[in-house]
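Notes follow the structure.
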Amino acid sequence: MDDFDALPKNTREKIDRAFDKASSSYSNSVPSADHNSYAGGFIVDDAPAPGGFLLDDAPGGFLPPDAGGFLPPSPPSGGFLSPSPPAGGFLPSSPPPRAARIRSPDDFITLSEITRALQILDLPPDDEEVLAVFRNAATGWGAREKGDEEGEPEETVTRKDWRAVCSALIGDDDEPGDAEMDEPEDVVETIDDEDVSMEIQESEGDASSDEYVEETPQPKRKRGAATKTPARKTRQKKAERADSDSDGDPLNRLLTARQKRECLHAFSLFFPGLEEDAVKRRRIGIKEITQASNILKEKTNVEEMVEMLEAFSSTPDKTMSLSDFEKMMITTRMV
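If you're matching positions, the sequence shown starts at 936 in this note's numbering and goes up one per residue.
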């Protein structure tokens, strides 16, 4: 299930409706209903004049002089016509609904129509980062072009990519508080892990057996036999495993100081110009990945970006903190 399918039904309908209204290719392909085409039936052009058996010259019978023929005293106008015939004969009470076209992921919208679609969704239509994401989707592999009347091709975005980008943007707006609350924990966890890693490396050469007895109860039973360096290293490994049991993130345990520096350096490339402390508090989303792709002049598929964020993000807004980024680097063996 992708981000779009995980959204509420009314939100999914809102995203598709904005696409339908702004896309000329979709709206022009839906046939319009002509109400006049359903008009018809048996309509009488000229109703016959009221009448009966009237005498030409003089009144007759036992009727008053001003009465004519054998007409009833108050006949309904129009002879044998019904008093109020429905106009149009056998017309339906209401015209049939407008024919609807099935929405397809391959429907497309031009880049010039994207801004109007964003306005309908109440999203910023002039955000250059958002527009860059759509331009990247339009120029990526599998993109198509639409020729206008002058013959100039115009780049287009499919409904599938439109849904993916809007799902990420709306997801960022829906969960702003969670990301901010999680950031301090990520920073503290990263600093603690680095300190532990540095302490283990420094203690390998000069740590005494008493230090390990204080940290964990397991080496305490072997205190008397811990006189040789190999035994001390064994206790050190046991202590490291004991400490790791209380650590909630196994991937961070395996990072050395060198690996952490390399991860931080790679993470900071997404936020040029920021200090190291500020970089540690930032999160990588679809906007940052698109910016990096544009700088490197690489074509990145929108769906691939969303899948990567879903795989390594630890928050509902599908963004990666420095800790999440380290997990990705370790998993992909990039450090």
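Beta carbons: idealized from backbone N, C-alpha and C, even for Gly. These figures come from a predicted structure and were not determined experimentally.
- In terms of CA proximity to E1238, D1096 leads the group D940, L1056, L1053 and D1096.
- By the CB criterion at 8 Å, L1190 and I1105 fall outside the cutoff.
- For F1043, the uninterrupted beta strand (DSSP E) run begins and ends at F1043 to T1045, by DSSP.
- The stretch 1036-1047 and the stretch 1200-1214 do not touch, with fewer than 3 CB-CB distances between them shorter than 8 Å.
- Counting the other CB atoms within 10 Å of its CB gives T1093 a total of 16 or more, which places it among the buried residues.
- Ranked by how close their Cα comes to the Cα of R952, the residues L1209, Q1054 and D938 have Q1054 in first place.
- Contact between E1064 and K1222 holds, with the beta-carbon distance rounding to 4 Å and staying under 8 Å.
- Ranking R1268, N1229 and G1220 by CA distance to the CA of D1252 puts G1220 first.
- Between the alpha carbons of A1073 and R1196 lies a gap of roughly 36 Å.
- Taking C-beta atoms under 8 Å as the contact rule, V1241 and A1052 fail to qualify, at a distance of about 19 Å.
- In the structure shown, V1270 falls within a coil segment according to DSSP collapsed to helix, strand and coil.
- Secondary structure note for E1197: its alpha helix (DSSP H) is the uninterrupted segment A1192 to S1203.
- In the DSSP assignment, D951 falls within the alpha helix (DSSP H) that extends over K944 to A957.
- The C-alpha of L1231 lies about 23 Å from the C-alpha of D1259.
- Taking all protein chains shown into account, K1215 has 16 or more neighbouring C-beta atoms within 10 Å of its C-beta and is therefore buried.
- Here DSSP, grouped into helix, strand and coil, assigns I1037 to coil.
- With a cutoff of 8 Å on beta-carbon distance, L1257 and L1209 are scored as not near each other.
- DSSP lists F1043 as the bridge partner or partners of T1093.
- For I1219, DSSP records a beta bridge to M1255.
- S1228 is a Cβ neighbour of N1071, given a cutoff of 8 Å.
- Straight-line spacing of the CA atoms in R1218 and R1098 works out to 22 Å.
- Here C1101 has I950 and L1056 as same chain residues with Cβ atoms under 7 Å from its own Cβ, once five neighbours each way along the sequence are excluded.
- Judged by DSSP in its simplified three-state form, T1225 adopts helix.
- Per DSSP, reduced to three states, the secondary structure at K1234 is coil, with no helix or strand assignment.
- In the three-state reduction of the DSSP assignment, D1061 falls in the coil class, being assigned neither a helical nor a strand state.
- Cβ neighbours of T946 within its own chain (closer than 7 Å, five residues either side excluded): I1105.
- Excluding its 5 nearest sequence neighbours in each direction, P1040 has C-beta neighbours in its own chain below 7 Å: T1093, R1094 and K1095, listed in chain order.
- Separation of P1059 and L942 (C-alpha to C-alpha, rounded to the nearest whole angstrom) is 20 Å.
- S1249 counts as exposed, since fewer than 16 other beta carbons sit within 10 angstroms of its beta carbon.
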